[in-house]
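Residue numbers (our numbering): -2 to 58.
Heads up: the structure comes next, in structure tokens.
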């Protein structure tokens, strides 16, 4: 998961959690939004850690 896709998940989760008031039978959209927010946040942290590791391995110029 890259940084862009993590940001998309965070944005989509925030929209579902805070802005959508519609109901779907047997699906709580607020909970789905919070789950997407959490997955996006974890993906963002993992992406930043991995990109930081790649940056440290380069030899100095």
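Just so you know, even glycine gets a beta-carbon here, dropped at the ideal spot from N, CA and C.
Does the beta-carbon of residue i have 16 or more other beta-carbons within 10 angstroms, so that it is buried, or is it exposed?
{"i": "residue 33", "result": "buried"}
{"i": "residue 30", "result": "buried"}
{"i": "residue 1", "result": "exposed"}
What residues in its chain sit with their C-beta under 6 angstroms from that of residue i, if we drop five residues either side in the sequence?
{"i": "residue 6", "result": "33, 36 and 37"}
{"i": "residue 26", "result": "13 and 17"}
{"i": "residue 21", "result": "none"}
What three-state label does DSSP hand residue i in the structure shown?
{"i": "residue 24", "result": "strand"}
{"i": "residue 17", "result": "coil"}
{"i": "residue 50", "result": "helix"}
Could you name the residues of the same chain whose beta carbon sits closer than 8 angstroms to that of residue i, not counting the 5 residues immediately before and after it, in chain order?
{"i": "residue 4", "result": "37 and 41"}
{"i": "residue 15", "result": "30"}
Suppose you measure from the CA of residue i to the CA of residue j; what does that come to, to the nearest Å?
{"i": "residue 47", "j": "residue 11", "result": "25 angstroms"}
{"i": "residue 23", "j": "residue 9", "result": "20 angstroms"}
Would you kindly report the start and end of the unbroken alpha helix (DSSP H) that includes residue i?
{"i": "residue 12", "result": "Premise fails: residue 12 is in no alpha helix (DSSP H) and is neither H nor E."}
Looking only at its chain, what residues have a beta carbon closer than 7 angstroms to the beta carbon of residue i, apart from the 5 residues adjacent to it on each side?
{"i": "residue -1", "result": "44"}
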